[in-house]
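Asker:
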Amino acid sequence: MNTTDQWWKKSVVYQIYPRSFRDLNGDGIGDLPGIIEKLDYLKLLGVDIIWLSPIYDSPNDDNGYDIRNYQEIMNEFGTMADFDRLLEEIHKRDMKLMMDLVVNHTSDEHEWFVQSKQSKDNPYRDYYIWREGKDGKEPNNWGSFFSGPAWEYDEATNEYYLHLFSKKQPDLNWENPKVRQEVYQMMKFWLEKGVDGFRMDVINMISKAPGLPDGVQHSGQLFGDGAPYFMNGPRIHEFLQEMNKEVLSQYPTISVGEMPGTTPEDAVLYTNPNRREVNMIFTFEHMDLDSAPGGKWNLKPLNLLDLKENLAKWQTAIHNRGWNSLYWNNHDQPRIVSRFGNDEEYRVESAKMLAACLHFMQGTPYIYQGEEIGMTNVKFKSFKDYRDIETINMYNERTSQGYSHEEIMASIYAKGRDNARTPIQWDDSEHAGFTTGTPWIKVNPRYQEVNVKNALDDKNSIFYFYQKLIALRKELDIIAEGDFQLLLEDHPELFAYERKWKEECVIVICNFGDKDVAIENELLTRISDYNVILSNYEGSNIEKLRPFEVVVLTR
Ligand code: NOJ
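This is the structure we're talking about:
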């Protein structure tokens with residue numbers, strides 16, 4: 001594999017969550033003209049590809065991940081003419097646009113589902129997954145990702161439909177060839193317009209095991225774990241190869257599979273170019289290391305050794321065999337500086353350290369809106385200020401299970417998706433310059449300190465550090481091509497690694513703690529003839545790293 005035909009190996013993706021990015025018409029909801037207004041800002045940062053979270057017509061049960069019409073633009077976001085202009089403006093600036101492809105499920109208001117619900121013999125019935133109940137209960141014991149069972153009863157036809165997410169997100173039946181053809185036609189509609197590719201939402205869940213067997217139910221759990229029967233299912237590779245053959249290979253595209261529950265071996269199957277499935281995978285193991293058994297709401301402090309081991313495993317197992325995405329943040333994750341860094345005293349230092357730690361690895365880095373200025377988590381006092389369906393359903397479920405309000409709020413503060421969804425802080429004016437109206441979700445109260453204007457005015461800001469990281473990826477082939485070796489494997493505070501390629505060598509040393517740490521003699525001797533090419537403090541002394549300091553060295 002080389003980088004010429006795989007240009008995206010040296011690219012950096014910037015993810016926009018349109019609802020919270022920039023509102024130009026004052027309705028409190030971000031929109032497409034707002035994105036156009038900020039394209040020069042993204043160009044200044046230096047990113048190559050914009051991934052747009054869904055902008056399609058949707059009743060917004062899950063903020064657009066429940067699509068009512070795949071070929072229309074959500075009213076709040078603008079019109080198709082706005083979209084065409086956005087695409088043109090992105091291309092004019094020599095950037096690319098990656099759309100969100102959400103085809104594991106639709107909205108229950110999608111015409112296909114409206115039809116499907118009508119009767120058992122409706123031509124669209126088999127577009128979704130309908131089953132009879134078992135002993136007066138759901139067809140199996142699977143739980144939904146958004147609390148409650150994964151099945152909803154429909155009185156009119158006396159059957160249940162499957163929804164792995166909210167009950168307003170019925171799962172499509174990919175066993176039905178007509179469904180697959182509809183999806184491919186829709187993808188072509190966007191590709192014909194000139195979009196450059198797709199990020200595919202939970203795409204490794206589209207093939208379900210025949211018979212939809214019950215999952216193992218652990219004690220204390222309300223539902224069985226259906227994941228072994230719907231993640232990486234029996235026909236998944238066949239479906240992706242078909243999609244590749246019929247659609248992706250017909251256009252110059254980039255394709256990214258969001259795939260929870262995957263191992264590096266799965267990743268090779270999905271992304272090895274010879275298999276013609278997708279270009280790269282977007283995985284989750286490293287985001288689950290601060291969760292106790294039972295899921296993300298059960299908090300556990302991160303052990304740095306686990307993080308090092310996990311990322312090193314992915315780096316080495318996929319090298320020369322497949323391709324991974326590198327990310328700390330997206331619209332589903334809390335803000336990394338609050339999560340693995342220190343968002344108070346060392347906000348700037350830790351944000352930069354985390355950025356460098358990730359961006360010098362092999363893979364395609366993703367920057368999630370606001371990450372480039374070090375945006376932090378929020379703690380809304382009132383539960384009423386939360387908007388995310390996952391959070392709201394979990395709150396209700398846990399309350400009925402007897403968890404205290406305080407306990408639940410602690411989970412939300414640490415892991416809730418709304419941490420990532422507060423409006424982008426453009427400046428220190430009212431509503432952080434996001435809108436002139438009332439924002440759909442409250443602005444993070446730290447906007448007067450943390451905002452884009454301040455970042456652009458300060459040459460030492462997190463923004464310019466990201467800009468440098470992006471530029472370095474383009475300059476130094478070793479970042480995209482080199483192999484990876486973990487150093488100081490058992491060190492509890494330092495995350496250090498070496499990249500090697502041809503005669504070149506890069507060493508990255510990150511202090512994940514808030515204390516000074518001396519570098520051991522063996523490594524010191526080794527790097528004595530190296531030069532520091534990047535650091536997040538003035539005047540780095542490589543013998544001792546300060547809190548959250550990172551040094552990157554080459555020879
Ligand atoms: C993954 C998306 O990233 C998330 O935001 C969404 O809720 C689910 N898939 C369902 O579409």
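Per full-length UniProt numbering: the sequence shown = residues 1 to 555.
Each residue gets a CB set at the ideal place from its N, CA and C atoms; glycine is no exception.
Counting Cβ pairs closer than 8 Å, one from the segment 140-155 and one from the segment 176-194, do we hit at least three?
Answerer: Segments in contact, no.
Asker: To the nearest whole angstrom, what separates the beta carbons of Y56 and M74, a pair I think is in contact under 8 Å?
Answerer: So it is a contact: roughly 6 Å between Cβ atoms.
Asker: Identify, in the order they occur along the chain, each residue of the same chain with its Cβ nearer than 6 Å to the Cβ of K296, setting aside the five sequence neighbours on each side.
Answerer: K415.
Asker: Would you mind working out which of G26, E138, D214 and V47 sits nearest M98, comparing C-alpha positions?
Answerer: For the residues G26, E138, D214 and V47, the minimum Cα distance to M98 belongs to V47.
Asker: For M1, which residues of its own chain have a beta-carbon under 7 Å away from its beta-carbon, when the five flanking residues on both sides are left out?
Answerer: Model confidence at M1 stands at a pLDDT of 42, short of 50, so the residue's coordinates are unreliable and nothing is read from them.
Asker: Of the choices D5, F495 and E89, whose alpha-carbon is the least far from that of N310?
Answerer: For the residues D5, F495 and E89, the minimum Cα distance to N310 belongs to F495.
Asker: Tell me the DSSP secondary structure of T3 in three-state form.
Answerer: The predicted model places T3 with a pLDDT of 45, which falls under 50 and marks its position as unreliable; any figure quoted below should be read in that light. T3: coil per DSSP, three-state reduction.
Asker: Which runs of the beta strand (DSSP E) fall wholly inside the segment 359-424 and span at least 3 residues, in chain order?
Answerer: If we require 3 residues or more, the beta strand (DSSP E) runs fully inside the segment 359-424 come out as 364-368.
Asker: Between M287 and L326, which are expected to be in contact by the criterion C-beta below 8 Å, what is the C-beta distance as a whole number of angstroms?
Answerer: The pair is not a contact, with the Cβ atoms about 12 Å apart (cut-off 8 Å).
Asker: Along the chain, where does the beta strand (DSSP E) containing W501 start, and where does it finish?
Answerer: First-last of the beta strand (DSSP E) with W501: L494 to W501.
Asker: Using the three-state DSSP reduction, which class does E504 fall into: helix, strand or coil?
Answerer: E504: strand per DSSP, three-state reduction.
Asker: Any contact between the segment 25-43 and the segment 232-243? By contact I mean 3 or more CB pairs, one from each, below 8 Å.
Answerer: With a cut-off of 8 Å, the segment 232-243 and the segment 25-43 do not count as touching, because too few Cβ pairs lie within range.
Asker: Let me check understanding here. Comparing Cα to Cα, which of D108, D483 and F548 lies closest to S316?
Answerer: Strictly speaking, residue 316 in this sequence is Thr, with Ser absent from that position. Among D108, D483 and F548, the Cα nearest to that of T316 belongs to D483.
Asker: Taking W190 as part of the alpha helix (DSSP H), name the residues at either end of that continuous run.
Answerer: Run containing W190: P177 to K193, per the alpha helix (DSSP H) assignment.
Asker: If you pair each beta-carbon of the segment 199-207 with each one of the segment 112-131, do three or more pairs fall below 8 Å?
Answerer: The segment 199-207 is not in contact with the segment 112-131.
Asker: Using CA coordinates, which residue listed in F165, K308 and I318 is at the minimum distance from P492?
Answerer: For P492, the nearest C-alpha among the options comes from K308.
Asker: Confirm, please, whether the CB-CB distance from N531 to V550 is below 7 Å.
Answerer: No.
Asker: Let me know if A356 comes out buried or exposed under the rule of 16 or more other beta-carbons within 10 Å of its beta-carbon.
Answerer: Under this definition A356 is a buried residue.
Asker: I'd like to confirm something about F340: is its beta-carbon nearer than 6 Å to some heavy atom of ligand 1, or not?
Answerer: Because no heavy atom of ligand 1 lies under 6 Å away, the Cβ of F340 does not count as near it: no.
Asker: For Q6, I'd like the list of residues in its chain whose CB is within less than 6 Å of its CB, leaving aside the five on either flank, ordered along the chain.
Answerer: The answer is none, since no qualifying residue turns up.
Asker: With 16 other CB atoms within 10 Å as the buried threshold, where does F548 fall?
Answerer: It counts as buried.
Asker: Would you kindly check if the distance between the Cβ of M409 and the Cβ of S147 is under 7 Å?
Answerer: Cβ distance not < 7 Å, so S147 and M409 don't count as in contact.
Asker: Applying the criterion that 16 or more other CB atoms from any shown protein chain within 10 Å of the CB defines a buried residue, is L52 buried or exposed?
Answerer: It is buried - the Cβ of L52 has at least 16 other Cβ atoms within 10 Å.
Asker: Could you tell me which whole beta strand (DSSP E) segments of length 3 or greater appear in the segment 32-108?
Answerer: With a minimum length of 3 residues, the continuous beta strand (DSSP E) runs that stay inside the segment 32-108 are 49-52, 69-73 and 96-101.
Asker: What does Y537 pair with, by DSSP beta-bridge criteria?
Answerer: Paired residue(s): none; Y537 is not in a bridge.
Asker: Closest by CA to R68, which one among D108, R546 and G341?
Answerer: It is D108 whose Cα lies nearest to the Cα of R68.
Asker: Can you find at least 3 beta carbon pairs, one from the segment 440-457 and one from the segment 509-518, that sit closer than 8 Å?
Answerer: These segments do not touch.
Asker: Helix, strand or coil for W314? Go by DSSP, reduced to three states.
Answerer: Three-state DSSP puts W314 in a helix.
Asker: Do K474 and K96 have their beta-carbon atoms positioned less than 7 Å apart in this structure?
Answerer: Contact flag unset, no.
Asker: Take E397 and list the residues in its own chain whose beta-carbon comes closer than 8 Å to its own, dropping the five residues that flank it on each side.
Answerer: Cβ within range, chain order: S147, G148 and L222.
Asker: Taking C-beta to C-beta, are A432 and W440 nearer than 7 Å?
Answerer: No, Cβ-Cβ distance for A432 and W440 is not below 7 Å.
Asker: Check whether the Cβ of D171 sits closer than 6 Å to any heavy atom of ligand 1, and report yes or no.
Answerer: Incorrect: D171 has no Cβ contact closer than 6 Å to ligand 1.
Asker: Output the distance between the C-alpha atoms of E175 and I527, rounded to the nearest integer angstrom.
Answerer: Each residue's alpha carbon lies about 56 Å from the other.
Asker: Just to be sure I understand the criterion: a residue counts if its Cβ is closer than 5 Å to at least one heavy atom of ligand 1. Which residues meet that?
Answerer: Answer in sequence order: D62, Y65, F165, D201, V202 and D332.
Asker: Go through its chain and collect everything with a Cβ distance to V103's Cβ below 6 Å, but skip five positions before and after it.
Answerer: V183.
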